[in-house]
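Have a look at the structure below, then the notes.
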Amino acid sequence: MRAYAEGLVLIVISLVALWGAWQVPGATPGDTWAGIVPFSASLALLLLSGVMILGASQQTATGEDKTDHAATFEFIGLFLIALIYQQSFRWFGYLLPTAIVAPIVLYMFGVRSWIGLALSVVICPLVFHVIFFELLGVFPPFGEVFDLLDWIKG
Amino acid sequence: MEIFPAMLSVITDPTLLFAIVLAAAVGMIVGATPGLTASAAIAMLLPITFYMPPLFALAFLYVIGKSGRYGGSIAAILFNTPGTAASAATQIDGYPLARAGKAGKAMKVATISSVIGDLMGDILLVVGVGFIAAIALKLGPPETFAIYFAAFVVIGSVIGNSITKGLASAIMGILIAMIGLDPISSEERYTFGSFDLSNGIGLVPLMIGVFVLGEVFAQMESRRKATGDVEENESEGDGNALTWEEYKPCLPHALRGGFIGAGIGVLPGLGSAIAAFISYGEGKRRATNPEKWGKGALEGVAAPESANNAVSGPSMAPLLTLGIPGSTIGAILLGVFLIHGIQVGPTLFLTDKELVYKLFACGMLGIVAYGFIGYFGATQVAKLILKIPTNVLYPLIFLTAFVASYSARGSMFDVTVMTVAGFGGWLMRKYDFNIAAFVISFVLAKGAEETFRQSLLMSDGGALIFVERPVALGFLLLGVVAIAFRVRGMMKERKLAQGGLGDA
């Protein structure tokens with residue numbers, strides 16, 4: 001079942017890639033078509049997906065895969081935090097999102113010391129800010145809605 | 001003999017020497033920490049090296065890669081958990097030695113053999129790389145494309161358990177690299193009207209996402225399956241000391257392993273794990289005491305460790321002469337070259353010869369550095385690793401991944417790419433797709449496309465140009481033969497497994 005699903009997902013990816021390659025305008029005289037490599041690669045991927053489906057049809061069932069649903073939910077939670085965290089840089093700059101996300105992620109990985117979690121609210125954004133935005137001189141992302149760094153600097 | 005002035009120049013630069021020693025220590029710790037890899041560390045540190053001079057940046061990351069390979073043996077011997085895939089062969093004899101109270105002895109054999117293998121690989125690289133570059137200069141676009149093609153096929157089909165998944169991973173890497181403006185005609189490809197996508201997908205965020213964030217996601221999931229604390233095996237009595245009489249029988253295995261590793265290292269994609277297992281198998285076949293192998297033979301540590309590290313130097317040969325990275329670390333180093341505006345390929349030896357030889361010199365000094373640290377302090381490093389709380393380490397790596405991917409270009413789009421790549425990396429790990437093939441193909445795709453289209457223009461659109469030129473045809477056939485051999489090997493394994501079941 002899993003092999004079928006993998007093959008089907010690859011077929012969908014290759015069809016999207018084929019369609020995308022087909023959108024590339026044709027070549028001007030004396031030049032090569034810009035879509036030739038994406039088109040060929042997508043076609044090769046489609047072929048491989050077919051091979052995977054064929055292989056899956058010849059496999060005998062070996063029982064159901066045991067999935068740890070709790071672990072999957074934890075992963076999904078962490079991925080959602082990652083998505084929100086990267087988006088919140090645009091809204092609130094670097095410091096505030098990091099101060100909120102650091103203790104949450106530490107808690108998810110099993111840190112239960114309240115003092116440690118409280119310290120991470122200050123230490124994590126401070127240390128990363130000093131290393132990357134002060135020592136390395138990278139310009140920090142500016143928060144469009146509210147920027148803690150801007151507020152601290154007055 | 002350009003290596004001697006280069007070595008002198010590096011030795012007289014205290015800042016560079018400090019960076020080499022620091023990189024040796026960092027690489028060892030990273031390699032020895034189960035779950036962390038040298039590739040992840042290098043990807044994470046990549047944005048920091050933007051602010052360093054090119055030689056400093058390259059030497060720092062190159063030595064981390066070398067030392068990381070060796071560091072894997074510490075975890076394999078002491079904790080029965082290979083820090084890297086390559087050190088799984090070292091574990092076979094290393095862990096029984098540690099259980100017998102000879103952990104210190106095993107560590108010293110691993111260190112000496114790693115140094116011997118790595119130095120052999122580097123010396124062969126220094127001697128042979130100029131020769132390969134001279135040949136590479138004579139290759140035209142059809143030959144270069146055929147080499148790219150062979151690299152794609154070999155990397156996709158040889159690494160990993162499934163040929164189809166390996167090749168699919170390689171193709172997905174190529175497709176992701178196609179996003180953005182076509183470098184020849186400036187036509188948009190796969191941009192779907194997005195301005196951000198028209199700039200293409202950056203190497204740094206992709207690497208950080210796949211290797212670093214993907215690993216954090218995987219660790220989050222596997223945390224529940226952990227079976228408890230790791231126990232360190234202490235040395236007892238004379239278990240720490242190693243005499244010449246004890247190492248003497250290991251020396252032939254280390255030297256043979258060095259040649260095996262160096263030979264495999266030149267071929268893109270095969271990697272140190274394959275070299276280590278071939279060397280172990282060959283060592284056992286030729287050993288005077290094969291019955292002791294697997295139960296705690298010092299020679300069983302020397303053979304794979306030497307081969308595993310000997311891969312490091314020669315794997316730089318295809319990268320520097322043809323621009324084809326043979327490993328994930330090579331792919332990241334290629335990114336560092338490009339970021340610093342250095343064009344990798346046969347002309348590198350005409351434009352930046354001094355830099356290349358200085359890099360080799362740094363690599364050799366890095367070997368000496370990790371050799372010293374490992375010989376005298378491997379057990380201390382192991383104790384330090386046991387004290388690192390992984391529940392703090394992985395959240396910190398998670399946070400670093402975001403700020404590091406932002407720092408590369410100061411782009412929020414890169415952070416989004418990194419997050420998505422992290423999810424993709426987790427999916428690929430979970431469903432046994434081939435991350436190494438994906439990343440290496442991503443890096444190779446642009447060069448392959450360029451040479452492919454140049455070849456078509458040369459032949460006025462005919463694909464027969466690849467068949468008419470013997471060198472190009474040879475490399476195309478090499479790709480086909482690689483797949484055929486792999487299929488044959490897998491069918492043999494399947495038959496053996498079925499036979500074994502039948503007998504049961």
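If you read the protein sequences in the order shown, they are chains R and G.
By this note's numbering, the letter at position 78 of the first sequence is numbered 78, and the numbering carries on one by one without gaps.
By this note's numbering, the letter at position 318 of the second sequence is numbered 318, and the numbering carries on one by one without gaps.
C-beta atoms are modelled at their ideal positions from N, C-alpha and C, and glycine is treated no differently.
Within-8 Å CB hit, residue i to chain G
| i | result |
| --- | --- |
| Leu8(R) | no |
| Glu74(R) | yes |
| Val130(R) | no |
| Gln86(R) | yes |
| Gly93(R) | no |
| Gly143(R) | no |
| Asp31(R) | yes |
| Met52(R) | yes |
| Ser57(R) | no |
| Ala71(R) | yes |
| Ala82(R) | yes |
| Phe139(R) | yes |
| Ala99(R) | no |
| Phe89(R) | yes |
Pairwise C-alpha distance: residue j and residue i
| i | j | result |
| --- | --- | --- |
| Gly228(G) | Ala118(R) | Here Gly228(G) scores only 48 on pLDDT, less than 50, and its place in the model is too uncertain to base an answer on. |
| Thr37(G) | Gly31(G) | 6 Å |
| Leu80(R) | Val10(G) | 47 Å |
| Arg286(G) | Gly94(G) | 19 Å |
| Gln380(G) | Val115(G) | 19 Å |
| Val12(R) | Asp196(G) | 24 Å |
| Val51(R) | Phe475(G) | 25 Å |
| Ala27(R) | Phe133(R) | 45 Å |
| Pro54(G) | Ala102(R) | 33 Å |
| Gly46(R) | Asp150(R) | The displayed chain sequence assigns Leu, not Gly, to residue 46(R). Leu46(R) and Asp150(R): Cα-Cα distance of roughly 51 Å. |
| Leu526(G) | Ser459(G) | This structure gives no information on residue 526(G), because the portion of chain G shown stretches from 1 to 504. |
| Trp230(R) | Gly447(G) | In this structure chain R extends from 1 to 154, so residue 230(R) is not present and cannot be described. |
| Met28(G) | Ala401(G) | 21 Å |
| Ala146(G) | Leu97(G) | 47 Å |
| Tyr94(R) | Leu126(R) | 10 Å |
| His129(R) | Ser194(G) | 30 Å |
| Leu8(G) | Ala331(G) | 28 Å |
| Phe139(R) | Ser407(G) | 8 Å |
Neighbour flag for residue i against chain R, beta carbons, 8 Å
| i | result |
| --- | --- |
| Asn161(G) | no |
| Asp93(G) | no |
| Ala168(G) | yes |
| Pro395(G) | yes |
| Met412(G) | yes |
| Arg99(G) | no |
| Val403(G) | yes |
| Leu125(G) | no |
| Gly422(G) | yes |
| Thr164(G) | yes |
| Leu334(G) | no |
| Met178(G) | yes |
Nonlocal neighbours in the same chain, by C-beta distance under 8 Å from residue i, ignoring five residues either side
| i | result |
| --- | --- |
| Glu144(R) | Arg90, Trp91 |
| Val344(G) | Leu319, Leu320, Gly323, Leu334, Phe337, Leu338 |
| Val487(G) | Ile163 |
Residue interval of the alpha helix (DSSP H) (run including residue i)
| i | result |
| --- | --- |
| Pro97(R) | 95-108 |
| Asn240(G) | That residue, Asn240(G), is in no alpha helix (DSSP H); it is neither H nor E in DSSP. |
| Phe402(G) | 390-409 |
| Gln91(G) | 88-99 |
| Phe423(G) | 412-430 |
| Pro14(G) | 14-32 |
| Ser73(G) | 54-79 |
| Asp122(G) | 103-137 |
| Val256(G) | Reading off the sequence shown, one finds Arg at residue 256(G), where the question assumed Val. Arg256(G) -> alpha helix (DSSP H) spans 251-266. |
| Trp114(R) | 114-128 |
Nonlocal neighbours in the same chain, by C-beta distance under 7 Å from residue i, ignoring five residues either side
| i | result |
| --- | --- |
| Val311(G) | Gly121, Gly261, Ile264, Gly265, Gly271, Ser272, Ala275 |
| Ser162(G) | Asp432 |
| Lys495(G) | none |
Contact set for residue i: own chain, Cβ-Cβ below 6 Å, skip 5 residues either direction
| i | result |
| --- | --- |
| Phe211(G) | Ser39, Ala40, Ala43 |
| Gly202(G) | Asp414 |
| Ala21(R) | Gly35, Pro38, Phe39, Ser42 |
| Ser306(G) | Ser113, Ile116, Gly117, Ala254, Gly257, Gly258 |
| Val471(G) | Glu143 |
What runs of the alpha helix (DSSP H), each 4 residues or longer, lie entirely inside the region 432-491 of chain G? 435-458, 465-468
Kindly provide the ranges of any alpha helix (DSSP H) runs that are 4 or more residues long and lie completely inside the region 148-200 of chain G, ordered along the chain. 163-177, 195-198
Mind listing, in chain order, the continuous alpha helix (DSSP H) runs of no fewer than 4 residues lying wholly within the region 296-355 of chain G? 299-310, 316-322, 328-339, 348-351
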